[in-house]
Amino acid sequence: MIIENLTEFASKKFGQNFLQSDVYVHKIIQAMPNDNLRVVEIGPGLGDLTKELIKVRNVTAFEVDKRLCEHLTTEFEEPIRQGNFELRCGDVLERWESGSLLDEPYHLVANLPYYIATNIILKAFKDELCQSILVMVQKEVAVKFAAVAKQKEFSALSVLASSVGKATLCFEVEPEAFVPPPNVTSAVLLIEKNQSRDDEKFERFLKIAFSQPRKKLSKNLMTVFSKDIVNQIFAKLELDSNLRPHEAETSIYHHIYNKLKDTLDGKQQQSGKLKLSKSRERNTKQFS
Ligand code: SAM
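This is the structure:
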């Protein structure tokens, strides 16, 4: 398949912004973990990053766009035949519904479709076979994952990232490096996992804790949990009641969660009622 006009070809629906820069492709390759594990690439697109990845690793790629699957099957005929490149056509999120993406440990390396980038990263946190995540995303998203406590960007996503490992913002990429150029600056984010975590209840708890990021953490928690219980926990952990959500370390979130998680089951604690207020419903939305 010959693609005459990349801008016309690119599908907005699938978040297609093709990276057209050898410099950044090589910077991504250099940032990869230094071992021989298989690489999973999500959204190989036209195969520019894939071409370099298969020079250094065995690769399995997931691509949703049938036109691109056709293109890649022809373009990578030889590596597919030799067994160092495997292409799976379909929605990667559907593939995750039935367990891990692979049946062996792997590193995720990708220029992600931005409309589902956060969702993909959260799925990779849960996938026990995924050892690390090296992805191009919107800069704002990368900053949220990589922030540390006390930075104003420290968010539920930062807590989740630091609960599975270490997140680093590697470098920024300007819109002009892509065709068509996205409306935002991008950044490459590396998350080196030391464990996986699949705890939907903890995610729900964080949505409550960060529901109003500039308000007090205790007040956010009191929109769902009883005032008495929240005050007791703050006293026990010797926490300042004026603490804002971005000021508490990840370990503090785990301590508070451990004391409240039974309440999140729907059980009521003796000393207070579980309040299911409007703000709780807002909190069920995707992390922002
Ligand atoms: N890797 C290419 C590059 O760097 O130029 C393309 C990156 S483009 C930002 C995102 C790619 O993800 C596109 O090829 C798109 O078709 C693919 N994609 C979008 N949604 C997907 C999904 N749910 N599952 C698998 N691939 C998807």
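To get the working numbering, take the position in the sequence shown, counting from 1, and add 617. Ideal Cβ positions, reconstructed from N, Cα and C, are used throughout, including at glycine.
> In chain order, what residues of the same chain lie with their CB nearer than 8 Å to the CB of Asp882, ignoring the 5 residues before and after it?
Replying inline: Lys818
> Do you know how far the Cα of Leu725 is from the Cα of Lys769?
Replying inline: 28 Å
>> Measuring alpha carbon to alpha carbon, tell me which residue in Pro798, Ala763, Glu793 and Pro797 is nearest Val781.
In response: Ala763
> What span of residues does the beta strand (DSSP E) with Asn606 cover, start to end?
Replying inline: As shown, the chain starts at 618 and ends at 905. That puts residue 606 outside it, with no answer to give.
> Less than 7 Å between the CB of Glu680 and some heavy atom of the ligand SAM, yes or no?
Replying inline: yes
>> Could you pull the DSSP bridge partners for Ile750 from this structure?
In response: Leu725 and Ile808
>> Which residue marks the beginning of the alpha helix (DSSP H) containing Lys844, and which one marks its end?
In response: Lys844 to Lys853
> Does the Cβ of Asp665 lie closer than 7 Å to at least one heavy atom of the ligand SAH?
Replying inline: No copy of the ligand SAH occurs in the structure displayed; its ligands are the ligand SAM alone.
> Sorted by chain position, which residues of the same chain lie with C-beta nearer than 7 Å to Lys630's C-beta, five sequence neighbours on each side aside?
Replying inline: none
> How far does the beta strand (DSSP E) with Thr785 in it reach, from first residue to last?
Replying inline: Gly782 to Val790
>> I'd like to confirm the pairing. Which residues does DSSP put opposite Ser803 in its beta bridges?
In response: Gln755 and Val790
> Among Met753, Leu751 and Asp639, which residue has its Cα nearest to the Cα of Lys668?
Replying inline: Asp639
>> My output table needs one value for Lys884: the three-state DSSP class, helix, strand or coil.
In response: With a pLDDT of 44 at Lys884, under the threshold of 50, the modelled position of that residue is not reliable, and no figure is offered here.
> Helix, strand or coil: how does DSSP classify Arg831 here?
Replying inline: coil
> With 16 other CB atoms within 10 Å as the buried threshold, where does Ile733 fall?
Replying inline: buried
>> Suppose the cutoff is 7 Å on Cβ atoms and the five residues either side in sequence are ignored; what does the same chain contact list for Leu834 look like?
In response: Ala826, Leu860, Arg861, Pro862 and Ala865
>> Nearest by alpha-carbon distance to Asp744: which of Asp815, Asp682, Leu777 and Ser843 is it?
In response: Asp815
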